[in-house]
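Structure, rendered in structure tokens:
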């Protein structure tokens, strides 16, 4: 049970600060007390095993308290973005058979509409006062009428401890069901390679609803007796540097776009970030030149790159500084208890250096997709998690991720993965971000079109950038067009959105 992770840590590190958020601290003893108190109130209002319970909050201590309290009640945690639009919120609540919602009082206007709409089997909403006591919890009853059909659906999906949503989708998101065992096994495996100590201060800057934030940061911090530093403010390079300096952060998790922004910050040298001993990054590919730049700047820190996906709870592989610099482009070796193989189109396991679909096996692999048996069977065919990512393993068992099946560009009959081209573009001095995609062409089928964002105050020669591509790519992979844009839209997890309207700089 996920709750037991907190309970065990609180016995050993009761007086350590567990969470620091907006200058408010709670110790492990206080956090455990608040969780038990909230769980008791939730249970008295009817939350029980088999109920799907949404947590709709920003990064906060209350999110963590609600997370553990729901788990202690035996119900299923469903973390949800608050600002997704009322119609989508209503659709998610109905499709995912949500019985209760726990949110903060400051979001009451968002959820007041639920009292005037058909909300499926939703019974009520709990409002917690941000920064207040558990006693400030208010319960608003929505409906006590539950249809037999909805009860049946909810009962079938009562096993997961948590349902996480796929990121970056504009339609109904896929609900990825993970068990207590999935989550706990991944937390312990991540802890195994991070080797954290209770004195560590871990900065969680991304939205807390993600698998990487929940498993790889929040729970990993709390199981090791560390202090988790939270903020609900928009993650900018300036804010991150300020927090690292102010709180003497020792461990920082980030997506490559944030690290690139930090490296390009004009006042970087004004901040004291010498306390950092681990920088763990993941979520997208990163150019080898950027990794070398990181290594040159953070000479004292262990750089760790990780590969994973929500369906794997989420961590699959990792690679530390020395190997990261030696094995250019590698995503590392599997975490403890997990194995990786490469499959061809017929599901046959391929040998070293052969490219195919990456498949994963281990205790971290999801139970399936909520109310989507067809997609579940496809993803878990043959007892393996078929990731949809393309890559290969070398003779030493190191994974190299080269692209994603969904992003495939077919030009003149040749298969091209944009991630490789993006990595080359990012290796050109002055390029901060890059997006490559296929756009319709009558003759070739698809043109390779690149969009780049330049670093602050940077100007580049597009002809020189094109020559850089010619020096590093096969001729059929060279972009036919390269445009400069002011910015690239990103998901809340920091990944660049591939399907977006772009206005180029003339």
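Numbering (UniProt numbering), first residue to last: 1 to 506. Think of the CB as a built atom: it goes at the ideal place given N, C-alpha and C, for glycine as much as any other residue.
Item                                                                                                                : Value
Same chain, Cβ closer than 8 Å to residue 81, neighbours up to 5 away in sequence not counted                       : 56, 207, 209, 492
Bridge-paired residues (DSSP) for residue 369                                                                       : 176
Same chain, Cβ closer than 7 Å to residue 150, neighbours up to 5 away in sequence not counted                      : Bear in mind that a pLDDT of 39 at residue 150, under 50, signals an unreliable position, so the model cannot answer this.
Distance CB(residue 352)-CB(residue 394) smaller than 9 Å                                                           : yes
Same chain, Cβ closer than 7 Å to residue 273, five either side skipped, listed in chain order                      : 241, 244, 245
Start-end ranges of the beta strand (DSSP E) lying completely within the segment 251-328, minimum 3 residues        : 251-254, 278-281, 302-308, 315-320
Through-space distance from residue 324 to residue 362, alpha-carbon basis                                          : 24 Å
Assigned secondary structure, residue 13 (DSSP; H/G/I helix, E/B strand, else coil)                                 : coil
Complete beta strand (DSSP E) runs within the segment 19-98 (minimum length 3 residues, chain order)                : 24-27, 52-56, 76-79
contact_flag[the segment 257-265, the segment 228-241] where n(CB pairs < 8 Å) is 3 or more                         : yes
Inter-residue Cα distance where the pair is residue 465 and residue 454                                             : 12 Å
Check whether residue 211 and residue 308 have beta carbons under 9 Å apart                                         : yes
Residue 66 beta carbon less than 9 Å from that of residue 36                                                        : no
Nearest residue (CA-CA) to residue 40, options 358, 338, 75, 107                                                    : 75
Span of the beta strand (DSSP E), counted from its first residue to its last, around residue 339                    : 339-343
Classification of residue 377 by the beta-carbon crowding that lies within 10 angstroms, buried from 16 upward      : exposed
Buried versus exposed, by CB contacts within 10 Å (16 or more), residue 13                                          : buried
Beta-ladder partner(s) of residue 126, from DSSP                                                                    : 102, 139
Residue 507, enclosing alpha helix (DSSP H) - first and last residue                                                : The structure shown does not extend to residue 507, since the chain is modelled only from 1 to 506, so the question has no answer here.
Pairwise C-alpha distance: residue 303 and residue 194                                                              : 11 Å
Option in 372, 336, 379, 368 with minimal Cα separation from residue 359                                            : 379
Beta bridge counterpart(s) of residue 415 as assigned by DSSP                                                       : 410
For residue 488, three-class secondary structure by DSSP                                                            : coil
Own chain residues within Cβ distance below 7 Å of residue 487, not counting five before or after                   : 453
Beta-carbon spacing of residue 219, residue 19 below 9 Å                                                            : no
Proximity below 9 Å, CB of residue 411 to CB of residue 448                                                         : yes
C-alpha gap between residue 30 and residue 88, whole angstroms                                                      : 36 Å
Cα-Cα separation, residue 342 to residue 214                                                                        : 28 Å
For residue 4, the three-state DSSP class (helix, strand or coil)                                                   : helix
Residue 246 - containing beta strand (DSSP E), residue span                                                         : Segment 237-247 is the alpha helix (DSSP H) holding residue 246; no beta strand (DSSP E) there.
Spatial distance of residue 501 from residue 286 (CA atoms)                                                         : 23 Å
Sequence-distant residues of the same chain with beta carbon closer than 6 Å to residue 200, five excluded per side : 226, 250, 251
Coarse secondary structure for residue 428, derived from DSSP in three states                                       : coil
Classification of residue 6 by the beta-carbon crowding that lies within 10 angstroms, buried from 16 upward        : buried
Burial state of residue 174 (16 or more Cβ within 10 Å)                                                             : buried
Close Cβ partners of residue 181 (< 7 Å) along its chain, the five nearest in sequence each way excluded            : 363
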